[in-house]
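Chemist: Under this note's numbering, the first residue of the sequence shown is numbered 16, with each subsequent residue one higher.
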Amino acid sequence: MNENLRSVNMSRTMSRMNRHRMNPRRYITGFDGIRTLAVLGVIIYHLMPASLQGGYLGVPIFFVVSGYLITDILLQDILSRGHVRIWRFLGHRMRRLYPAFVTMLLGTTAYITLFQRSLLTNIRATVLTNLVYVYNWFEINHGQSYFDRFNGESPFTHLWSLSIEGQYYLFWPLIIGVLMVIFKKRSRVFWFMMIAAGISAITMALLYDPANTNRVYYGTDTRMFAILLGSGLAFIWPSRELSADIANINRVTLDIVGGASLIAIIWMFFQMSGQSDFTYRGGMLIFTILSTILVATVAHPASHLNRVLTNPLFKYVGQRSYGIYLYQFPVMIFYESKVKNIGDHLLLNSLIEVALILIVTELSYRFIENPMRHYDYSRLLVDLRDFIRKPKFNRVTTAITVVTTALFVITAVGFVQQPSKAEANEKTELQKTIAANSKAADKKNAAALKRQKAAQAAAASHKKVATEKMETKQAEAKLSSKQKQVEKEYSLKPQVVLAMADTDLTAIGDSVLLDVSSDLQDVIPGTVVQGRVGRQVTEVPSIVNSLKSQGQLAHNVLLNIGTNGTVTNDQAEQVVKLIGKDRQIFWVTAHVPTQSWQNAVNAQIEKTAKKHPNVHVIDWHARALNHSDWFAADNVHPNNTGNVQLTNLIANRIAEVNNN
């Protein structure tokens with residue numbers, strides 16, 4: 016009896032293995048369309064984050080596609096041969112990915128060494144952790160936020176996702192074999208994968224910290240659910256076992272579900288901010304599930320969606336999507352460091368950057384990726400030996416030898432010249448000024464709070480300031496010697512100087528606010544400054560709530576937010592609602608011509624002010640236009656002259672609002 020059962024089982028296994036040998040793996044053309052969708056989302060997000068705030072979600076799409084395809088390949092290996100050919104698989108992956116990857120690392124490091132030495136900090140660790148695919152963990156402890164698009168952005172930041180994929184390629188062939196031995200059936204492995212994906216998503220939600228998203232955004236454990244969902248799909252939806260011959264109702268259902276998932280994905284590209292709590296507490300999981308449904312639909316040969324996503328353009332972009340993703344950030348960072356008017360000519364500059372990315376990608380695809388993918392690496396030592404013995408130089412070999420040698424030599428120079436920890440921490444003059452102003456503001460805040468309480472007790476802030484209606488001579492006579500100095504230095508009317516002396520103000524902002532804080536507190540002594548370098552709008556709600564709970568939120572609130580990133584309508588509305596209708600809000604427009612979000616932020620500020628009568632625009636962008644002499648070298652932070660001008664603008668606007 017047992018012999019008969021073994022015979023039947025062996026027969027079934029051999030039949031299944033023979034069936035998989037007979038059915039060649041088909042190329043799913045629609046996956047190029049999905050890759051195109053993903054890489055377009057990422058590129059547009061990096062170029063114009065205000066236009067596509069959820070474009071970063073292209074990365075989970077890549078994860079799902081990789082998870083599905085890799086697992087599909089490995090399962091076919093197991094079913095046809097009884098085991099995974101691990102070294103063959105890893106060799107194929109390395110041939111496909113490593114040549115362009117190493118070229119990008121060397122080329123970028125060489126450029127930094129020659130032209131942008133400020134980015135040499137941690138260059139050795141950055142390159143080495145990338146080479147062994149653990150850069151995402153290095154980023155958690157040493158890198159900047161993926162959403163910090165202003166403060167010395169690294170051209171390597173985007174490589175965190177390739178490290179996660181590299182870790183997956185290394186360990187998954189071993190794990191899948193173990194899982195098949197333990198669970199026997201693919202359906203059981205599928206459910207195990209779904210549980211693991213759920214744990215990963217829950218870990219993301221639990222570890223999420225609004226003040227620092229690095230841990231959940233870069234962590235392998237918190238991002239693995241996307242790859243696990245794609246991998247799990249391959250266990251119940253293997254490409255070779257899907258038939259084009261299905262009932263019409265099933266075909267229609269497939270198209271409706273797939274089409275709906277595609278529409279939902281595009282909608283979430285526009286709606287889901289990377290700085291929203293919802294994103295990390297279920298939103299990204301929902302998006303990834305939709306991406307998995309899309310992949311499942313396109314993988315099915317009966318789906319019309321596969322044809323929709325199949326065309327020459329998508330094929331071209333999809334086949335080069337790895338290179339496009341790889342080279343995009345270095346091109347953007349280096350281009351934007353040289354061009355100072357990105358925000359004023361956003362579309363033109365974006366088109367130029369896309370063209371440069373495509374040119375670099377095409378050169379890499381033709382001369383690095385394709386040739387190295389098909390090269391027989393078993394001949395490497397033989398070819399090197401033959402070349403050393405009898406060098407044969409032509410234009411191609413000469414160019415390759417010269418460029419390769421130059422890249423290695425310049426990279427080595429960059430490694431040697433990496434600044435020490437002390438040198439890396441050494442501040443520029445601007446940074447020193449901002450740090451000094453921050454400390455001075457903290458000291459003045461205590462005195463400012465006392466002035467605010469006195470003003471509130473006298474109800475001065477809740478009445479129209481009568482000083483504005485004084486005759487100039489009368490107001491002049493009331494000025495102290497210090498106020499007369501303020502009047503002269505900041506070109507203010509004496510009535511405004513007197514009004515500012517009785518004004519309470521809470522100022523919340525970023526490094527631009529810290530830069531101007533000393534001047535602001537000289538003119539408006541009742542100003543409490545809440546500033547931090549790199550601050551974005553997502554931090555403002557917690558600051559407002561904290562100040563309100565302590566009874567320290569003034570009647571007048573100044574917002575200097577928008578330098579470091581976009582401000583969405585929902586974010587602006589949340590801030591205004593938390594501050595409340597009973598307070599006057601003064602929002603300073605952003606002057607960041609070097610960044611793509613400048614105009615979008617300012618348009619949002621104008622929109623918010625039109626909707627809420629207690630929100631008032633302080634149009635610093637318009638005032639500072641064509642006055643580059645008012646700014647430091649970065650054309651963002653005001654110099655002494657700029658700080659005087661900005662303070663003048665703020666004081667006059669507050670006085671105007673409070674006296675109408």
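Ideal Cβ placement from N, Cα and C applies to all residues, glycine included.
What is the DSSP secondary structure of VAL548, counted as helix, strand or coil?
Modeler: In the sequence shown, residue 548 corresponds to position 533, counting from 1. Residue state, collapsed to three classes: coil.
Chemist: Going by C-alpha distance, which of LEU320, TYR380, MET299 is nearest GLN331?
Modeler: The count along the sequence shown starts at 1 and reaches residue 331 at position 316. It is Tyr, not Gln, that sits at residue 331 in the sequence shown. Of LEU320, TYR380, MET299, the residue nearest in Cα terms is TYR380.
Chemist: Can you tell me which of ASN409, VAL651, ASP236, THR172 puts its alpha carbon nearest to the alpha carbon of SER526?
Modeler: On the sequence shown, residue 526 is found 511 positions in, with the first residue counted as 1. Here the closest residue by C-alpha is VAL651.
Chemist: For chain B, find out if any of its Cβ atoms is closer than 8 Å to the Cβ of TYR184; answer yes or no.
Modeler: Of the protein chains in this structure there is only one, and it is not chain B.
Chemist: So LEU593 and PRO556 are in contact, right, with Cβ under 8 Å, and what is the actual spacing, rounded?
Modeler: If you number the sequence shown from 1, residue 593 lands on position 578. If you number the sequence shown from 1, residue 556 lands on position 541. That pair is a contact at about 5 Å.
Chemist: Can you list, in chain order, the residues of its chain whose CB lies under 7 Å from that of LEU341, leaving out five sequence neighbours each side?
Modeler: Taking the first residue of the sequence shown as position 1, residue 341 is located at position 326. Closer than 7 Å at the Cβ level, and outside the excluded window around LEU341, lie ALA115, PHE116, MET119.
Chemist: On the criterion of 16 or more Cβ atoms from any shown chain inside 10 Å, does VAL142 qualify as buried, or is it exposed?
Modeler: Sequence index remark: in the sequence shown, residue 142 carries index 127 (1-based). Under this definition VAL142 is a buried residue.
Chemist: Assign GLU671 to buried or exposed, taking buried as 16 or more other Cβ atoms, counted over all protein chains shown, within 10 Å of its Cβ.
Modeler: For this step, residue 671 is matched to residue 656 along the sequence shown. Answer is exposed; the Cβ neighbour count stays below 16.
Chemist: Give the single residue among PHE646, VAL552, LYS625 whose Cα lies nearest to the Cα of ALA226.
Modeler: The residue given as residue 226 occupies position 211 in the sequence shown. If we check each option's Cα against that of ALA226, VAL552 comes out closest.
Chemist: Suppose you measure from the CA of LYS407 to the CA of MET387; what does that come to, to the nearest Å?
Modeler: In the sequence shown, the residue the question calls residue 407 occupies position 392. In the sequence shown, the residue the question calls residue 387 occupies position 372. The C-alpha of MET387 is placed about 19 Å away from the C-alpha of LYS407.
Chemist: Following the continuous beta strand (DSSP E) through TRP6, name the residue where it begins and the one where it ends.
Modeler: Past the edges of the chain, shown from 16 to 675, lies residue 6, and the structure says nothing about it.
Chemist: Indicate the three-state DSSP secondary structure (helix, strand or coil) for HIS652 in the structure shown.
Modeler: Locating residue 652 in the sequence shown gives position 637, where the first residue counts as 1. Looking at HIS652 - three-state DSSP - the assignment turns out to be coil, as it is neither helix nor strand.
Chemist: Does the region 69-87 come within contact of the region 621-641, defined as at least 3 CB pairs closer than 8 Å?
Modeler: Because the criterion of three Cβ pairs below 8 Å is not met, the region 69-87 and the region 621-641 do not touch.
Chemist: Extract the residue ranges of the alpha helix (DSSP H) inside the region 488-574, only unbroken runs of 4 or more that lie entirely within it.
Modeler: 496-504, 509-516, 526-538, 555-564
Chemist: Could you tell me which residues DSSP pairs with VAL582 in its beta bridges?
Modeler: Working through the sequence shown from its first residue, we reach residue 582 at position 567. As computed with DSSP, VAL582 is found in no beta bridge at all.
Chemist: Nearest CA to the CA of ASP634: which residue from TRP612, ASP649, GLY657, ALA605?
Modeler: What you label residue 634 is simply residue 619 of the sequence shown in a count that begins at 1. Ranking the options by Cα distance to ASP634, first place goes to ALA605.
Chemist: Tell me the rounded alpha-carbon separation between GLY657 and TRP645.
Modeler: Locating residue 657 in the sequence shown gives position 642, counting from the first residue. Locating residue 645 in the sequence shown gives position 630, counting from the first residue. Straight-line Cα distance between these residues: approximately 4 Å.
Chemist: On a CA-only basis, which of ARG41, ALA666, ALA53 is nearest ILE339? Give me that one, please.
Modeler: The residue given as residue 339 occupies position 324 in the sequence shown. With distances taken between Cα atoms, ILE339 lies closest to ALA53.
Chemist: Extract the residue ranges of the alpha helix (DSSP H) inside the region 307-367, only unbroken runs of 4 or more that lie entirely within it.
Modeler: 320-323, 327-334, 336-353
Chemist: Roughly how many whole angstroms lie between the Cα atoms of LEU244 and GLY69?
Modeler: The count along the sequence shown starts at 1 and reaches residue 244 at position 229. The count along the sequence shown starts at 1 and reaches residue 69 at position 54. Cα to Cα, the separation comes out at about 20 Å.
Chemist: Return the CA-CA distance between LEU507 and THR662, expressed in angstroms with no decimal places.
Modeler: Within the sequence shown, numbered from 1, the residue matching residue 507 stands at position 492. Within the sequence shown, numbered from 1, the residue matching residue 662 stands at position 647. Each residue's Cα considered, the two are about 10 Å apart.
Chemist: Tell me whether VAL80 sits in a helix, a strand or coil according to DSSP, three-state version.
Modeler: Your numbering for residue 80 matches position 65 in the sequence shown. Looking at VAL80 - three-state DSSP - the assignment turns out to be helix.
Chemist: Just curious, the alpha helix (DSSP H) that HIS631 is in, first and last residue?
Modeler: For this step, residue 631 is matched to residue 616 along the sequence shown. No alpha helix (DSSP H) holds HIS631; the beta strand (DSSP E) holding it covers 630-633.
Chemist: Tell me the rounded alpha-carbon separation between PRO275 and GLY192.
Modeler: Here residue 275 corresponds to residue number 260 of the sequence shown, with the count starting at 1. Here residue 192 corresponds to residue number 177 of the sequence shown, with the count starting at 1. The amino acid at residue 275 is misidentified as Pro; the sequence shows Ala. Their Cα atoms are separated by approximately 35 Å.
Chemist: Which word fits SER336, buried or exposed, when buried means at least 16 other C-beta atoms lie within 10 angstroms of its C-beta?
Modeler: Sequence index remark: in the sequence shown, residue 336 carries index 321 (1-based). Label assigned to SER336: buried.
Chemist: Hey, how far is the Cα of GLY234 from the Cα of ASN151?
Modeler: In the sequence shown, counting from the first residue as 1, residue 234 sits at position 219. In the sequence shown, counting from the first residue as 1, residue 151 sits at position 136. Distance between the alpha carbons of GLY234 and ASN151 is about 7 Å.
Chemist: Taking only three categories from DSSP, how would you classify PHE171?
Modeler: Position 156 of the sequence shown, counted from the first residue, corresponds to residue 171. The DSSP-derived three-state label of PHE171 is coil.
Chemist: What's the C-alpha gap between VAL607 and VAL616?
Modeler: Against the sequence shown, residue 607 aligns to sequence position 592. Against the sequence shown, residue 616 aligns to sequence position 601. Taking the straight line joining both Cα atoms gives about 10 Å.
Chemist: Starting from ARG108, follow the alpha helix (DSSP H) in both directions and report where the run begins and ends.
Modeler: Along the sequence shown, one-based indexing puts residue 108 at 93. Run containing ARG108: 101-130, per the alpha helix (DSSP H) assignment.
Chemist: Out of curiosity, what's the CA-to-CA distance linking GLY213 and PHE240?
Modeler: Position 198 of the sequence shown, counted from the first residue, corresponds to residue 213. Position 225 of the sequence shown, counted from the first residue, corresponds to residue 240. Counting only the Cα atoms, PHE240 lies some 7 Å from GLY213.
Chemist: From what residue to what residue does the alpha helix (DSSP H) around GLY213 run?
Modeler: Taking the sequence shown and counting its residues from 1, the one referred to as residue 213 is at position 198. 201-222 is the extent of the alpha helix (DSSP H) around GLY213.
Chemist: To the nearest angstrom, how far is the alpha carbon of VAL375 from that of PRO345?
Modeler: The sequence position of residue 375 within the sequence shown is 360, counting from 1. The sequence position of residue 345 within the sequence shown is 330, counting from 1. C-alpha separation (whole angstroms): 11 Å.
Chemist: Within 10 Å of its beta-carbon, does MET37 have 16 or more other beta-carbons around it, so buried, or fewer, so exposed?
Modeler: By 1-based counting over the sequence shown, the position of residue 37 is 22. Caution applies to MET37, whose pLDDT of 44 falls short of 50 and renders its modelled position unreliable; the value that the coordinates give is listed next. Looking at its Cβ environment, which holds fewer than 16 other Cβ atoms inside 10 Å, MET37 is exposed.
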